[in-house]
Structure formats: structure tokens, C-alpha cells
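Engineer: The structure's right below; bear with me while I get my questions together.
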Amino acid sequence: MSIAAITPGNDLIGAGEDSFANRLLDWFDLNGRHDLPWQHPRTPYRVWLSEIMLQQTQVRTAAPYFERFVAALPDLAALAAAPLDDVLALWSGLGYYARARNLHAAARLCMECHDGELPRDIDALIALPGIGRSTAAAIAAQAWGDRHAILDGNVKRVLARYHGVHGWPGTPAVEKSLWTLAEDHLPQARLADYTQAQMDLGATVCTRGEPACPRCPLQVDCIARTERRTAELPTPRPGKTIPQRHALVLWLYDAQGRVLLQRRPPTGIWASLWTLPQADDEAGARHWFEHRLRGDFERGETLPPVAHAFSHYKLELQPRRWHGIALRDAVGDNDDLRWVEPAALATLGIPAPIRRLLEASH
DNA sequence: AACGCGGGGTT
DNA sequence: AACCCAGCGTT
237 MSIAAITPGN DLIGAGEDSF ANRLLDWFDL NGRHDLPWQH PRTPYRVWLS
287 EIMLQQTQVR TAAPYFERFV AALPDLAALA AAPLDDVLAL WSGLGYYARA
337 RNLHAAARLC MECHDGELPR DIDALIALPG IGRSTAAAIA AQAWGDRHAI
387 LDGNVKRVLA RYHGVHGWPG TPAVEKSLWT LAEDHLPQAR LADYTQAQMD
437 LGATVCTRGE PACPRCPLQV DCIARTERRT AELPTPRPGK TIPQRHALVL
487 WLYDAQGRVL LQRRPPTGIW ASLWTLPQAD DEAGARHWFE HRLRGDFERG
537 ETLPPVAHAF SHYKLELQPR RWHGIALRDA VGDNDDLRWV EPAALATLGI
587 PAPIRRLLEA SH
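Residue numbers (the numbering used here): 237 to 598.
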């Protein structure tokens, strides 16, 4: 293979002849991932679900959730007909729960406005909640072979290195240039394979830490490779200090051994999920307790704190547990406050740290 | 344009 | 412990 035949300049000039794409496709045929759960069968619904689950989530993490989800809700109509609580329960532990709420809302919109199907039009896809430019392109390419560029974390890393693009990809100017490069490399055919090939290369060869450049089909004219700067590209996100927050958690059992769960509001952290009642401080916990419950606040048992890290703050949860508690008559069991049998916990959407806490007591 | 939004993996 | 990952929606 001669250098002249594969210069980056040639890649971006002319109609449809892009050795970048051709080299990637040839590599994919031999070294790509061809047995991911959503590839067999590769229906629009399964492609869509996988793309949503894979937003900010790695394949190994998402795969078991995908299997469980499609087993319970095998098609778009089943998803649209399911209660939101069922969808959140299937999502429980996966994180970014707005994805599940948007997925559910989008399914219902498809039933209403798109004859029960996922729309093939790219702008109609983007108009659905939870589907942005990159996810819409990935769905269109994978489900129907339509010609659209994706720009996820894998593609950003590959392009930043291959073209030597500086600057954190989170900044608008850098992202804009990366979109342009992604569009310029699009082949004329095999869009489903090409889309998968980019993600496979980024996930298995052009990795963040130690990229396997000797195995890369783009190595000969990759700027980062030839200039020995793979460690500096892409430019990392600027660091910022993460604040530490604290909260008290009220872990309440009634005389029948049921636990009191509260549904969180539809916005903010853990939106619409079921958690243990939470208070900012001792006074808040006491007030919440005495306002709603029959029992002695002072008899609560203080348990070891639980640490949980979000991307934007750290949270230390201080649990306090009571037994034999009852609700005041004026505060009945309702839609947002429920006594739950231990066996029913699996059917509810519960944040991972709260679920771990509840299950540790068994 | 900047920020909010989880959980898990890697180093 | 820091950083990243098949991003999107809101402000």
C-alpha cells in the first residue's frame, strides 16, 4: 500500500472515493462486532432501543438491560401500551432515566402520528423526544441504510486523532468541525456497516487509554499516530471541582414489614423514580416524620452512610431506619407515597444506590 | 453556550 | 480518585 494512494487530501476530494471509509469497511468485515444483541434481528425498534440505551453507556453495561427489555416489551406497540412505571422498572440501574421517559413518550407519539412505526425521515426522528442528531443518524443508517453521519464519543475520538483536531470536543467550534469531517467521510453505500464500523473501531482499537494503533486500518495517515500524540487527542474535558452534598434517608417499615417509598417529582435527579423519603438535614427529617407518621422519631436506628457519585456532585446518604411505623390517617397511602412489599421492589424503578441499600437488609 | 442528568468501567 | 462512555434536553 503506497502512501500516495491514501493521503488524507485525497480522502476529502472527489465524488464518493474515500479511502478512509473503504479501509474502515474492509477492517469491519474481518474485525467488527457482528453479534451484538440488537443486530439479530436488526429491526428499527431494536436499533432505536439500543441507541437510546447506549447513550453515555458502554455496550457491556447495556446489553443485559436490552435483552430484558425486548423480552418484556418486544415491539413499539407493546412499549407504547405499557405503564411508565413498567418501563422505569426495566430501566432501573441503567441511569439517565430521562431516556426511559422519553423513549416511552416517543413510542406513544409514533402510535399517534406515525401509524405505529418509527418514522424513517431524519427530521421526524429528531423531533421525537430523546433522539438528537447523532442518534437519529445512527437509527436511520442502521435500520434502513440511509446516508447520515453520526458523531458519538467514538467518532469524535477517531476523527480528532486521525485529523489532529485540537480542543475539547464539547466546545461548539470543535464539534462543528468534527461534524463536517464526519459528513465528508460518508461512503455512498453500506451505511449500516460503516456506522457500526466507526463505533467498533473507537470501542476496540482507537480506545481512550492505549489505542491499538498497529491494528488500525487508519494508522498510516493518522495525524495523532504519525506525530506520536494519541495521548493528547482528543483534548480532555476541562476539570472542575465536584461539590459534596449530604442528605438523610428515612427507611421506614410498617408492622407488616413493608417499606415506605416515595415517588420523586417528574423533573430533577431520579425523576419519577421511587426512593426512600429524603431530607436535607435533621430538622427536615424530623418535620417530615412527625407530619406524616405515627411513631417515635427518636427511636430511629442510624446506619452506616452510603456514598454515591454523580457526574456533577457527590452525595452522601445517611440512612436512619425505623420499624412498626404507621401513616397518620390524614396522609393515606397514595400515588406518590406507598408501602411496598419487599417482593414488589423488582417491579419498580428505583435508583441503584437505594436499591442496593434496600437489598442489603436481606 | 453552558449545564443537568447515572451508573459503571478503566486506569 | 479522576476520567470517560453509542448524547439529549433545558435554560
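Heads up, the beta-carbon is just placed ideally off N, CA and C, and yes, glycines get one too.
As a quick exercise: from 531, 554, 549, 532, pick the residue whose alpha carbon is nearest that of residue 542.
Structural biologist: Nearest option by C-alpha distance: 554.
Engineer: According to the neighbour-count rule (16 or more other Cβ atoms, all chains shown, within 10 Å of its Cβ), is residue 478 buried or exposed?
Structural biologist: Flag for residue 478 reads exposed.
Engineer: Residues in the same chain with beta-carbon distance under 8 angstroms from residue 353, minus the five sequence neighbours each way, listed in chain order, please.
Structural biologist: Closer than 8 angstroms at the Cβ level, and outside the excluded window around residue 353, lie 280, 312, 346.
Engineer: Between which residues of its own chain and residue 374 is the CB-CB distance below 7 angstroms, once the five residues before and five after are set aside?
Structural biologist: Excluding positions up to five away in sequence, the list reads 287, 386, 431.
Engineer: Just the C-alpha distance for residue 566 and residue 294, rounded to the nearest angstrom, thanks.
Structural biologist: C-alpha separation (whole angstroms): 46 angstroms.
Engineer: Under the rule that 16 or more other beta-carbon atoms within 10 Å means buried, what is residue 268, buried or exposed?
Structural biologist: The residue is buried, with at least 16 neighbouring Cβ atoms inside 10 Å.
Engineer: Drop a sphere of 10 angstroms on the beta-carbon of residue 417, count the other beta-carbons inside from all chains shown, and report buried for 16 or more, exposed for fewer.
Structural biologist: Buried, since its Cβ has 16 or more Cβ neighbours within 10 Å.
Engineer: Could you check the C-alpha separation between residue 572 and residue 318 for me, to the nearest Å?
Structural biologist: Cα-Cα distance, rounded: 19 angstroms.
Engineer: Which ranges does the beta strand (DSSP E) cover as unbroken runs of at least 3 residues, wholly within the stretch 384 to 427, from first to last along the chain?
Structural biologist: Listed in chain order, there is nothing to give.
Engineer: Out of 334, 264, 309, which one is the CA nearest neighbour of residue 366?
Structural biologist: When each option's Cα is compared against that of residue 366, the closest is 334.
Engineer: Looking only at its own chain, which residues have a Cβ that is under 6 angstroms from the Cβ of residue 415, when we skip the five neighbours before and after it?
Structural biologist: So the list reads 387, once near-sequence residues are dropped.
Engineer: How many Å lie between residue 559 and residue 585 at the Cα?
Structural biologist: Distance between the alpha carbons of residue 559 and residue 585 is about 23 angstroms.
Engineer: Tell me which same chain residues have a C-beta within less than 6 angstroms of the C-beta of residue 487, skipping the five on either side of it?
Structural biologist: For residue 487, where only same-chain residues beyond five positions count, the Cβ hits under 6 angstroms are 512, 555, 557.
Engineer: Run the CB neighbour count on residue 265, radius 10 Å, all protein chains shown included, and call it buried at 16 or more, exposed below.
Structural biologist: Label assigned to residue 265: exposed.
Engineer: Among the candidates 464, 302, 297, 296, whose CA atom is the shortest distance from the CA of residue 283?
Structural biologist: It is 302.
Engineer: Between 568, 587, 594, 370, which has its C-alpha nearest residue 579's C-alpha?
Structural biologist: Closest by alpha carbon: 594.
Engineer: Out of 321, 344, 273, 389, state which residue places its alpha-carbon closest to the alpha-carbon of residue 471.
Structural biologist: Considering only alpha carbons, the answer is 389.
Engineer: For residue 332, collect the residues of the same chain with a Cβ closer than 8 angstroms to its Cβ; drop the 5 residues on either side in sequence, then sort them by chain order.
Structural biologist: If we look at residue 332 and ignore the five residues flanking it on each side, its Cβ neighbours are 291, 292, 293.
Engineer: For the candidate residues 456, 275, 544, 314, whose alpha-carbon lies nearest to that of residue 481?
Structural biologist: The residue with the shortest Cα to Cα distance from residue 481 is 544.
Engineer: Using the C-alpha atoms, what's the distance from residue 524 back to residue 452?
Structural biologist: Those two C-alpha atoms are separated by around 59 angstroms.
Engineer: When the Cα atoms are used, what is the spatial distance from residue 307 to residue 314?
Structural biologist: Each residue's Cα considered, the two are about 11 angstroms apart.
Engineer: Residues in the same chain with beta-carbon distance under 6 angstroms from residue 449, minus the five sequence neighbours each way, listed in chain order, please.
Structural biologist: Once the five neighbours on either side are set aside, the close Cβ partners of residue 449 are 455, 461.
Engineer: Could you check if residue 510 belongs to the surroundings of the ligand ADP, using beta carbon to heavy atom distance under 7 angstroms?
Structural biologist: Among the components modelled here there is no ligand, and therefore nothing to report on the ligand ADP.
Engineer: Enumerated in chain order, which unbroken segments of the beta strand (DSSP E) with a length of 3 residues or greater are wholly contained in the stretch 460 to 546?
Structural biologist: Those beta strand (DSSP E) runs which fall completely within the stretch 460 to 546 and span 3+ residues are 480 to 488, 495 to 499, 542 to 545.
Engineer: Roughly how many angstroms separate the alpha carbons of residue 517 and residue 537, rounded to a whole number?
Structural biologist: Roughly 16 angstroms between the two C-alpha positions.
Engineer: Give me the residue from 434, 437, 447, 562 with the minimum Cα distance to residue 492.
Structural biologist: Nearest option by C-alpha distance: 562.
Engineer: DSSP puts residue 562 in a beta bridge; with which residues?
Structural biologist: DSSP lists 530 as partners of residue 562.
Engineer: If you reduce the DSSP assignment to three classes, tell me which class residue 555 lands in.
Structural biologist: DSSP places residue 555 in strand when its eight states are reduced to three.
Engineer: Find the nearest neighbour of residue 475 within the set 588, 310, 569, 406, judged by alpha-carbon distance.
Structural biologist: Nearest of 588, 310, 569, 406 to residue 475, Cα basis: 406.
Engineer: Just mark residue 615 as buried or exposed, buried being the case when its beta carbon has 16 or more other beta carbons within 10 Å.
Structural biologist: The chain is shown only over 237 to 598; residue 615 falls outside these bounds and no answer can be derived.
Engineer: Return the chain-ordered list of same chain residues with a C-beta closer than 6 angstroms to the C-beta of residue 325, the five sequence neighbours on each side being excluded.
Structural biologist: Cβ within range, chain order: 583, 584, 585.
Engineer: For the alpha helix (DSSP H) holding residue 285, just list the boundary residues, first then last.
Structural biologist: Segment 280 to 289, the alpha helix (DSSP H) holding residue 285.
Engineer: Return the chain-ordered list of same chain residues with a C-beta closer than 8 angstroms to the C-beta of residue 257, the five sequence neighbours on each side being excluded.
Structural biologist: Once the five neighbours on either side are set aside, the close Cβ partners of residue 257 are 421, 422, 423, 430.
Engineer: Could you name the residues that DSSP lists as bridge partners for residue 576?
Structural biologist: In DSSP, residue 576 forms a bridge with 495.
Engineer: What's the call for residue 342, buried or exposed, on a 16-neighbour Cβ count within 10 Å?
Structural biologist: When all chains shown are included, residue 342 counts as buried.
Engineer: How big is the Cα-Cα spacing for residue 413 and residue 589?
Structural biologist: Those two C-alpha atoms are separated by around 39 angstroms.
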